[in-house]
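J.: Quick note: the sequence shown uses my numbering, first residue 1, plus one each step.
Glycine is no exception: its CB is placed at the ideal position from the N, C-alpha and C atoms.
This is the structure, below, for whatever I ask next.
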Amino acid sequence: MAAWSIIGTVLIPWPAPVYATGTTVVPYSLNKQDTSFTRDELREIFFGRQTLWRNGSPLRVFVLPDQHPLHVRFSKEVLGVYPYQLRSAWDRMIYSGTGTPPATVDSLEQMETLIKETPGAIGYIEK
1 MAAWSIIGTV LIPWPAPVYA TGTTVVPYSL NKQDTSFTRD ELREIFFGRQ TLWRNGSPLR
61 VFVLPDQHPL HVRFSKEVLG VYPYQLRSAW DRMIYSGTGT PPATVDSLEQ METLIKETPG
121 AIGYIEK
């Protein structure tokens, strides 16, 4: 398993970095208590089934719009699902009243800013 080093902020390690077009898509959070996730754990988080960090604090998930190229890559390459599968799960949460889907941000810059300003936040970035 590859591990990410700490560079200013904590990047969540990913067992098998995902490479495409010379860049890597990585989960991104400042929560120093959670530094290693499996694909299944990330699926639980991004599908809305896990709503708390391991320490019991609330988890806030941020994503890019469904058609954003980085969202498509993150869905397919990191989570191993198609973006429409995520959208379908989020829509079911809304219509059934069983949960709240991730907050959608307009840009990578906005995602990074919100993750830095929001306690318990997680999203993804291009490295």
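State yes or no: is the C-beta of E41 nearer than 7 Å to some heavy atom of the ligand SAH?
T.: What this structure holds is no ligand at all, so the ligand SAH is not there to describe.
J.: What separation, rounded to the nearest whole angstrom, lies between the Cα atoms of Y28 and F37?
T.: Stepping through the sequence shown from its first residue, residue 28 is reached at position 28. Stepping through the sequence shown from its first residue, residue 37 is reached at position 37. Spanning the two alpha carbons is a distance of roughly 11 Å.
J.: Among K76, L42, E126, which has the Cα closest to the Cα of R60?
T.: For this step, residue 60 is matched to residue 60 along the sequence shown. Among K76, L42, E126, the Cα nearest to that of R60 is on L42.
J.: I'd like to confirm the pairing. Which residues does DSSP put opposite I94 in its beta bridges?
T.: Locating residue 94 in the sequence shown gives position 94, counting from the first residue. DSSP output for I94 lists no bridge partner at all.
J.: With distances taken from CA atoms, which of L30, R39, S57, M93 is nearest G48?
T.: For this step, residue 48 is matched to residue 48 along the sequence shown. Minimum Cα distance to G48 is reached at M93.
J.: Per the contact definition of three or more C-beta pairs closer than 8 Å, is the region 94-109 in contact with the region 60-74?
T.: yes
J.: Using only CA atoms, which one of E126, A121, I125, K127 lies nearest to L52?
T.: For the purposes of this step, residue 52 is taken as the residue at position 52 of the sequence shown. Of the listed residues, the one whose Cα sits closest to L52 is A121.
J.: Please report the straight-line C-alpha distance between S96 and S88, rounded to a whole angstrom.
T.: Your numbering for residue 96 matches position 96 in the sequence shown. Your numbering for residue 88 matches position 88 in the sequence shown. So the two alpha carbons sit approximately 12 Å from each other.
J.: Where V72 and G99 are concerned, what is the direct C-alpha to C-alpha distance, given to the nearest angstrom?
T.: For the purposes of this step, residue 72 is identified with residue 72 of the sequence shown, where counting begins at 1. For the purposes of this step, residue 99 is identified with residue 99 of the sequence shown, where counting begins at 1. Straight-line Cα distance between these residues: approximately 23 Å.
J.: Just verifying my parser: in three-state terms, what is the DSSP assignment at F62?
T.: To locate residue 62, count along the sequence shown from 1; it is residue 62. F62 falls in the strand class under three-state DSSP.
J.: By the three-class DSSP mapping on this structure, what secondary structure does S29 have?
T.: The count along the sequence shown starts at 1 and reaches residue 29 at position 29. The answer is strand: DSSP assigns S29 an E or B state.
J.: Please report how far the alpha carbon of Y124 lies from the alpha carbon of V78, in whole angstroms.
T.: The residue you call residue 124 lines up with position 124 of the sequence shown. The residue you call residue 78 lines up with position 78 of the sequence shown. If you take the alpha carbons of Y124 and V78, they lie about 10 Å apart.
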